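In my numbering, the protein residues as written are 197 to 554.
For each residue, glycine too, the CB sits at the ideal point set by N, CA and C.
Small disclaimer: the values here were computed from a predicted structure and weren't measured.
Take a look at the structure below.
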Ligand code: ADP
Ligand code: DP6
Ligand code: CO
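This is the structure in structure tokens:
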């Protein structure tokens, strides 16, 4: 009986606190600045991908959520698959003459996202991370997550960070080959288990301007981006890494909110301008600002930090002890739910059902 070569892997999304926005090399996906994110460790926002290699397959093919997704020659999917085949050939088949020559077989890949695709909830991050992870398993690779991150990066920049759990930095690197533009762990999840993320899905519509085209336009037209990458991000990367290691929520929150604000300012500074947040997004910002102000006025510290990706959905980072209060607050100020809020998910929480509103 013929052996079946098949593997399944799943990867979660990550939400950046220092945003990646801009490429210095669009083909290799090399960023204009380093970035840092937290990988969400619950099951709500995940991609699950199954890859199979077979000598009888006539072409590489991908089904995304059950529909054929074209693999364009020279495109991102083709690059990731080719790079994974190369790793199989060089690190397995070249060393073991008995290893089946899977690198010469075509692959069929099926992937499912359990959340909206291309809606600003980082599906490209979990999607390409799961793709690379499933092929790594299929090909029996024993390479490190940082090496795999080099390949996921060429699918979608933010994907390189989803190969690690916990707190993850994508170091921009300086080599034109891209071989030093990879993800590294800043701290594992267990380092700061009290850190939680609350996702407020304001809209799950497909975004108007994709991250890829939006950031390219920003690179071409925004003067503010040049200031950001030279004079703002390097200091913030160092300071927020230090804050994470020290479990210093005040500093983490201050930098996270400032960086989200600057990313959206840079989008606005693009020609023509890009608006990712909407009125609901802005009123959630106002709510969190007021909530923190009251806490600080009473002698406490920051209790919540908002951040927005390329879409209107809020991600609120908070310590576990404040999560229920924040959820109650959000719900009481947005009684229109679920028309304005399609969903409110408590991620990261050990007891998710507790804070899930439906
Ligand atoms: P998002 O905010 O969801 O990351 P992007 O515009 O960055 O939106 O990327 C969306 C694109 O990512 C999709 O159109 C698709 O090409 C790719 N993608 C999403 N999910 C997957 C997946 N599971 N497997 C492969 N590619 C995926
Ligand atoms: C705002 O990784 O989706 O979420 O590399 O072109 O695929 P491509 O873009 P993508 O951009 C993510 C942008 C962001 C910020 C971040 O995740 O760091
Ligand atoms: Co994306």
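Opening and closing residue of the beta strand (DSSP E) in which residue i lies
i: residue 380; result: 379-383
i: residue 392; result: 391-397
i: residue 261; result: No beta strand (DSSP E) contains residue 261, which DSSP labels as neither H nor E.
i: residue 208; result: 201-208
i: residue 219; result: 219-221
i: residue 349; result: Residue 349 -> not in any beta strand (DSSP E); alpha helix (DSSP H) instead, spanning 341-349.
i: residue 405; result: Unbroken run through residue 405: none, as it is neither H nor E.
i: residue 248; result: 242-250
i: residue 497; result: Where residue 497 is concerned, there is no enclosing beta strand (DSSP E), given that its DSSP letter is neither H nor E.
i: residue 561; result: Here the chain comprises residues numbered 197 to 554, so residue 561 is not present and cannot be evaluated.
Opening and closing residue of the alpha helix (DSSP H) in which residue i lies
i: residue 433; result: 429-441
i: residue 304; result: Not the alpha helix (DSSP H): residue 304 falls in the beta strand (DSSP E), residues 302-309.
i: residue 480; result: 475-493
i: residue 295; result: That residue, residue 295, is in no alpha helix (DSSP H); it is neither H nor E in DSSP.
Local Cβ density within 10 Å of residue i, reported as buried at 16 or more and exposed below that
i: residue 489; result: exposed
i: residue 223; result: exposed
i: residue 543; result: At residue 543 the pLDDT is 47, less than 50, meaning the model places this residue with poor confidence; the figure from the coordinates comes in the next sentence. The residue is buried, with at least 16 neighbouring Cβ atoms inside 10 Å.
i: residue 378; result: buried
i: residue 423; result: exposed
i: residue 338; result: exposed
i: residue 485; result: exposed
i: residue 492; result: exposed
i: residue 495; result: exposed
Proximity test, residue i beta-carbon vs the ligand DP6 heavy atom, cut-off 7 Å
i: residue 215; result: yes
i: residue 347; result: no
Near the ligand ADP: residue i beta-carbon under 7 Å from a heavy atom
i: residue 275; result: no
i: residue 370; result: no
i: residue 459; result: no
Close Cβ partners of residue i (< 8 Å) along its chain, the five nearest in sequence each way excluded
i: residue 320; result: 314, 351, 352, 354, 355, 407
i: residue 265; result: 258, 259, 273
i: residue 414; result: 217, 218, 421, 462, 463, 465, 466, 470
i: residue 254; result: 302
Proximity winner among the options, relative to residue i (alpha-carbon distances)
i: residue 453; options: 493, 362, 470, 498; result: 498
i: residue 364; options: 507, 384, 349; result: 384
i: residue 333; options: 206, 481, 278; result: 206
i: residue 411; options: 208, 435, 228, 209; result: 228
i: residue 243; options: 495, 474, 305, 434; result: 305
i: residue 458; options: 201, 528, 213; result: 213
i: residue 393; options: 221, 312, 241; result: 241
Residue-level contact to chain D via CB, residue i, 8 Å cutoff
i: residue 466; result: Absent from the structure: chain D. Only one protein chain is present.
7 Å Cβ shell around residue i - same chain, five flanking residues per side excluded
i: residue 360; result: 235, 341, 379, 381
6 Å CB neighbourhood of residue i in its chain, flanking five on each side removed
i: residue 501; result: 449, 452, 453, 513
i: residue 239; result: none
i: residue 316; result: 403, 505, 506, 507, 509
Contact test: residue i Cβ vs the ligand CO heavy atom, cutoff 7 Å
i: residue 231; result: no
i: residue 399; result: no
i: residue 326; result: no
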